[in-house]
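Report on the following structure.
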Amino acid sequence: MSLLPRSAEEFSSAEYWEKFFKKRADKAFEWYGDYNRLCGVLHKYIKVHDQVLVVGCGNSELSEQLYDVGYKHLTNIDISETVVSHMNQRNAERRPGLTFQQVDATQTPYEDASYQAALDKGTLDAMASEEEGILARSMLTEVGRVLSVGGRYVCVTLAQESVIRLAVEVDSVSCQK
Ligand SMILES: C[S@@+](CC[C@H](N)C(=O)[O-])C[C@H]1O[C@@H](n2cnc3c(N)ncnc32)[C@H](O)[C@@H]1O
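The sequence shown maps to residues 1439 to 1615 in the numbering used here.
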């Protein structure tokens, strides 16, 4: 299997990501930018004591770097069992309390309003590659459900027009509630 998907839509499939991380093994793959590039915006919108849901964490080093500078309430989720198990092994000894869970971001077990921030780097883009946008809409709705009033969804995205349209659409539906 090549690391590149056969079609753009494959980026949204759980099977693609499981194979991607099996193939990639323990080599980190940092989408879009790392902590050094993003720290300004991250510190502005995410506070050290916030409960933070990291959506589609992959094997990015970002959560580890946030943990190391003081963010101790990070819940990292990903659809891939392989990457979650790898990330738990990588951090078990060095970073107590930094947890990685295999959870589908469209359907999480977390309580309503239990997070002050959600951090997404590349995951909305990947999920939005499914043509109808159903997966991305479900994920955004789920993130909205678990965020508290005043909670922040911090999304690092290529900001393609279709993705922005989708995010605005879901946001305006939740605001009408
Ligand atoms: C483009 S990668 C970004 C990974 C990481 N955030 C980074 O910046 O390197 C997208 C990630 O979303 C995960 N993902 C895709 N669909 C998901 C879903 N339904 N629920 C949770 N994670 C998902 C993939 O396994 C992959 O790790």
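Don't be surprised by glycine CBs; every beta carbon is placed ideally from N, CA and C. Remember, it's a predicted structure, so these values are computed and weren't measured experimentally.
Residue i in three-state terms, based on DSSP
i	result
T1546	coil
K1465	coil
K1615	Caution applies to K1615, whose pLDDT of 47 falls short of 50 and renders its modelled position unreliable; the value that the coordinates give is listed next. It is coil, neither helix nor strand.
V1486	coil
M1439	Caution applies to M1439, whose pLDDT of 48 falls short of 50 and renders its modelled position unreliable; the value that the coordinates give is listed next. In this structure, M1439 counts as coil in the three-state DSSP scheme.
A1605	helix
Straight-line Cα distance separating residue j from residue i
i	j	result
M1439	E1453	With a pLDDT of only 48 at M1439, under the threshold of 50, the placement of this residue in the model should not be trusted; the figure read from the coordinates follows. In a straight line, the C-alpha of M1439 is about 12 Å away from that of E1453.
T1513	V1522	12 Å
R1532	Y1505	11 Å
T1520	G1560	18 Å
V1587	A1551	7 Å
L1476	L1536	20 Å
R1575	A1446	18 Å
Endpoints, the beta strand (DSSP E) within which residue i is located
i	result
I1515	1512-1516
Y1473	From DSSP, Y1473 is part of no beta strand (DSSP E) but of the alpha helix (DSSP H) over 1473-1483.
Those residues which DSSP pairs with residue i across a bridge
i	result
F1538	N1514
A1556	L1491, Y1591
N-terminal and C-terminal residue of the alpha helix (DSSP H) that residue i is part of
i	result
G1582	1572-1584
A1566	Here A1566 belongs to no alpha helix (DSSP H), and DSSP marks it neither H nor E.
Q1598	Q1598 -> no alpha helix (DSSP H), and no H or E assigned at all.
R1528	1519-1529
S1450	Element bounds for S1450: n/a, residue is neither H nor E.
E1502	1500-1506
Beta-carbon proximity check, residue i vs residue j, cutoff 8 Å
i	j	result
I1602	A1555	no
C1593	D1558	yes
T1546	L1573	no
V1490	H1511	yes
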